[in-house]
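Here the protein sequences line up with chains A and B, keeping their order.
Each residue of the first sequence is one higher than the one before, starting from 1 at the first, in this note's numbering.
Each residue of the second sequence is one higher than the one before, starting from 1001 at the first, in this note's numbering.
Structure record follows, encoded as C-alpha cells.
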Amino acid sequence: MSKTIEELEEIARKCRVEIVKMVHRAQAGHPGGSLSEIDLLAALYATRMRVRPSDPNWSDRDRFILSKGHASPGMYAILAEMGFISHEDLKSYRVLGGVCQGHVDMKWCPGVDFSAGSLGMGLSFGMGCASAARLDKSDRRAFVMIGDGEMQEGSVWEAAMAAAHHELGNLKVILDRNRIQNDDFCEEQMRMFDIPAKWKAFGWNVKEIDGHNMNEIMEGLDFLEAPENSNGPSILIAHTIKGGGISYMENNPSFHGAAPNDEQFHQAMIELGEVEA
Amino acid sequence: MTRMAATRDGYGQALLDLADNEKVVVLEADLGKSTKSLHFRKAHPHRTISCGIGEQNMLLVGAGLAASGYIPFASTFAIFTERAFEQMRNGVARPNLAVHLCGSHGGTHTGTDGSSAQSIEDLAVFRTLPNVVVMHPCDDVSTRALTMQLPQLGKPSYMRTARNKTPVLYDGRENEIKIGKGIVLREGHDVAIISCGVLVSESLKAAEALAEEGINATVVDMHTLKPIDGELIDRLVSQCGALVTAEDHNVIGGLGSAVAEHIVANSFAPLEMVGVPDRFGESGQADEMLEVMGISAPYIAKAAKQAISRK
Ligand SMILES: Cc1ncc(C[n+]2csc(CCOP(=O)(O)OP(=O)(O)O)c2C)c(N)n1
Ligand SMILES: [Mg+2]
C-alpha cells in the first residue's frame, strides 16, 4: 500500500486522462468535480482503502461513498486503476446497459458502495455503514466524499450532528471544497461562511489541506486515520480547483456538467502529457 | 419541418412573461440553468431567491411568500421536488397556499444521467395531495400557456417539464390551452389514446401507424392530470369504447391511474395502460429509454389493438 508521491501523482494523471476521455466520448457528464476530487481519490484508494478488487463485496472491506455521485468519472477512473473494473468498462459511461452509469450505482458497478446522484444522502448512509462496523466489532471504516454545494442540503447536518453524538470515530469525510456548484460559484448561490468552524461546532475533528498537493493529502489521510482522532468523526476539508488540471476547465462553472468538444479534448490531452503539442 | 423544443424552455419563457406582475417571485435550488428559471434571474435578480441546494427549505420559503401575498414559482429537477414532498404536503397543500412547483427533467426520457435523475413517480405522489393541480404538458407552447395561467389559479400546483426536445404541436394555438381541459389532437372512432408529456407525439405516431392498418384512433393531450377532464373521458368512452393511456411515468399512480379512477366510477370501457413497468430507469439516450421501457409509438399501437380486442 506504500507509494511514492511521484507514483501517486502518476496514478492521478492517468485518471485525469480517463475522466476527460469518458465525458468527451459521452458528450455529457461532470468533468469539473471529477477533476477536483481525483488527487484525493487516487491517494485514498492507492494507499488507505482496505479493499479487495477481485472480491469487491468482501464484507469487512472499508466503504467509500461518493456522495457527490455526479462526479462518477473520477470514481470509475480510480476503480479501473485499482482493477475493480476494466479500462474497457470505462467506455460504457452513460451508454445503455453499461456498468458506468451516469451517477455511481452500487447495483451496476463493482466497487461502488452506494447508489448516489441525489445530493445530501451519502453522509447518512456512511453513518449507517460506520454504525454497522461498530456493531460487528470490526475495525473497518466508512469514508465519505461530499461536495461543498452539497453541504447546503439540510440532511448533511442531520447526519453530522448524529455522527458526532454517536462518537463514530470510524466515519471519515473528505470535503471537496472546489468553491463551485451547478449554476455558479458557491459564494453567489449560497454563502457558507466559516466551514471549518461549522464542523467543529458540530463536534467533528477538522483539518484543512490543499487537495491537489500529494504531500498534504497524505498528511490529511494520516489525520483521518490517527488514533487520537478516533474519539469521533473526522473531516478533511480539501481546498481544490474545480476542473483542476485542465486549464480551460479550471474555476469555470460551465464545466460542472459539460463535455469538451473535439478541439478542447485534444488540448486536454496535450496538457495531460498524453499527446505532443 | 416540425419545430423541436423542450418544455422546460416554455417554462423559462413564461416566467419572463409573468415578470410584469410585481408579485411574481422565483425560487431556485441551484438548478436554474437546467429548469430555465435562469432567464428570470438574470432579468430580475432582486425577485429571485436562491435557496442553494436545499429543496425542502425552498418549498416552505415559497409557502411563506404565498401567505404574504406573493406568487412564488419554485423549480428543481422533478426527482428533487420529491425530497420536499412532506413540505409540499403539510406546508403548502394543507394550508392551500398557491406555491407553483415545477419539476424539470421528468421521466426516463431524461436520458444518460440515469435512474437517480429519472423521476417516474412525481405525477403520482403530487396527485395524492388535496388542493394541488398537477400538469405535464407536451410542448413548449402549451407549457408557456399553462404557466401563464397559474397566477390566477389561487391554489398550489405541480408541473412536470422535460429535459429533451420533442415536436412542437401548438404554434399559434396558445388560446386553446386551458388548465383542466384535455385537447383532442386527432379524431377516430375505434380507440382513444390519452397521453401526456413526451409521449403525446409518440401517441400521434402510433395513431398514424394504426391508420395504415385501417384503425382510427382519437389522440388526446391530457396535459392536466388533476383535476382530470372527466367530461372528455366520458365522451371518449362512448365515442371509441376502448382506451389507452401513455405516459413516461410508472404505470402505477400517474395518468393511467387517473383515467382508470374516473372510468370505474363512471362510464366504463377497456383500458390499456402504457407506462414505465414498475422498474427504475438507467443510463441511455432519450429515444433508447422509450424503447427499453416499452413506451414508444409501436408499444402504444400494440396496446391500442389490445384495448380494441377487449371491447
Ligand atoms: C438533492 C439534489 N439536488 C440537486 C441536484 C443537482 N445537482 C447535481 S450536481 C449539483 C451541484 C453540486 O455541487 P457540489 O456539491 O459542489 O459538487 P462538485 O462541485 O464537487 O461537482 C447539483 C445542484 C442533485 N444531484 N441532488
Ligand atoms: Mg463544488
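Where is the CB? At the ideal position from N, CA and C, for every residue including glycine.
Residue 117 (chain A) CB to nearest heavy atom of ligand 2 below 7 Å: no
Classification of residue 1200 (chain B) by the beta-carbon crowding that lies within 10 angstroms, buried from 16 upward: buried
Under 8 Å between C-beta atoms of residue 63 (chain A) and residue 193 (chain A): no
Short Cβ contact (8 Å threshold) for residue 239 (chain A) with residue 1116 (chain B): no
Nonlocal neighbours in the same chain, by C-beta distance under 7 Å from residue 5 (chain A), ignoring five residues either side: 214 and 215
Residue 180 (chain A) Cβ short of 7 Å to ligand 2 heavy atom set: yes
Closer than 7 Å at the beta carbon, the chain B residues around residue 94 (chain A): 1112 and 1283
Chain B within 8 Å of residue 103 (chain A), Cβ atoms only: yes
Selection from B:1217, B:1086 and B:1078 that minimises the alpha carbon distance to residue 1101 (chain B): B:1078
Between the CA atoms of residue 183 (chain A) and residue 1031 (chain B) - distance to the nearest angstrom: 6 Å
For residue 1038 (chain B) and residue 20 (chain A), the rounded distance between their alpha carbons: 28 Å
Short CB-CB distance (under 8 Å) between residue 1066 (chain B) and chain A: no
Any chain A beta carbon closer than 8 Å to residue 1054 (chain B): yes
8 Å Cβ cutoff met for residue 1148 (chain B) and residue 1014 (chain B): yes
Alpha helix (DSSP H) runs wholly inside the segment 1033-1105 of chain B, at least 4 long, in chain order: 1038-1043, 1055-1066 and 1078-1081
Collapsed DSSP secondary structure at residue 168 (chain A) in the structure displayed: coil
Buried/exposed call for residue 125 (chain A), threshold 16 Cβ in 10 Å: buried
Secondary structure of residue 244 (chain A), DSSP reduced to three states: coil
Beta-carbon gap between residue 69 (chain A) and residue 249 (chain A) smaller than 8 Å: no
Residue burial classification, residue 1264 (chain B) (beta-carbon count within 10 angstroms, cutoff 16): exposed
Residue range of the unbroken beta strand (DSSP E) whose run includes residue 1155 (chain B): Note, residue 1155 (chain B): premise wrong, no beta strand (DSSP E); not H, not E.
Rounded distance between the beta-carbons of residue 24 (chain A) and residue 71 (chain A), thought under 8 Å: Not really, about 16 Å apart at Cβ, beyond 8 Å.
Chain A within 8 Å of residue 1315 (chain B), Cβ atoms only: Because residue 1315 (chain B) is not part of the residues shown, which for chain B are 1001 to 1311, the question remains open.
Whole-number beta carbon distance between residue 168 (chain A) and residue 146 (chain A), since they are thought to touch under 8 Å: That belief does not hold up - the Cβ atoms of residue 146 (chain A) and residue 168 (chain A) are roughly 15 Å apart, past 8 Å.
Coil, strand or helix - residue 266 (chain A) by DSSP: helix
C-alpha gap between residue 1137 (chain B) and residue 1108 (chain B), whole angstroms: 16 Å
Any non-hydrogen atom of ligand 1 closer than 7 Å to residue 254 (chain A) Cβ: no
Same chain, Cβ closer than 6 Å to residue 1071 (chain B), neighbours up to 5 away in sequence not counted: 1023, 1024 and 1151
Under 9 Å from the C-beta of residue 176 (chain A): neighbouring residues of chain B: Correct list: empty, because the minimum Cβ distance to chain B is about 14 Å.
Where the beta strand (DSSP E) containing residue 1028 (chain B) begins and where it ends: 1024-1028
Proximity winner among A:10, A:189 and A:256, relative to residue 81 (chain A) (alpha-carbon distances): A:10
Contact belief for residue 1143 (chain B) with residue 1253 (chain B) at Cβ below 8 Å, rounded distance in angstroms: Contact flag wrong, Cβ pair sits at about 22 Å.
Check whether residue 106 (chain A) and residue 99 (chain A) have beta carbons under 8 Å apart: no
Euclidean distance between Cα positions of residue 1033 (chain B) and residue 1008 (chain B): 10 Å
Under 9 Å (Cβ pairs) to chain B, residues found in the segment 108-137 of chain A: 108, 115, 116, 117, 118, 119 and 120
For residue 20 (chain A), the residue or residues it bridges with in DSSP: None, per the DSSP bridge assignment.
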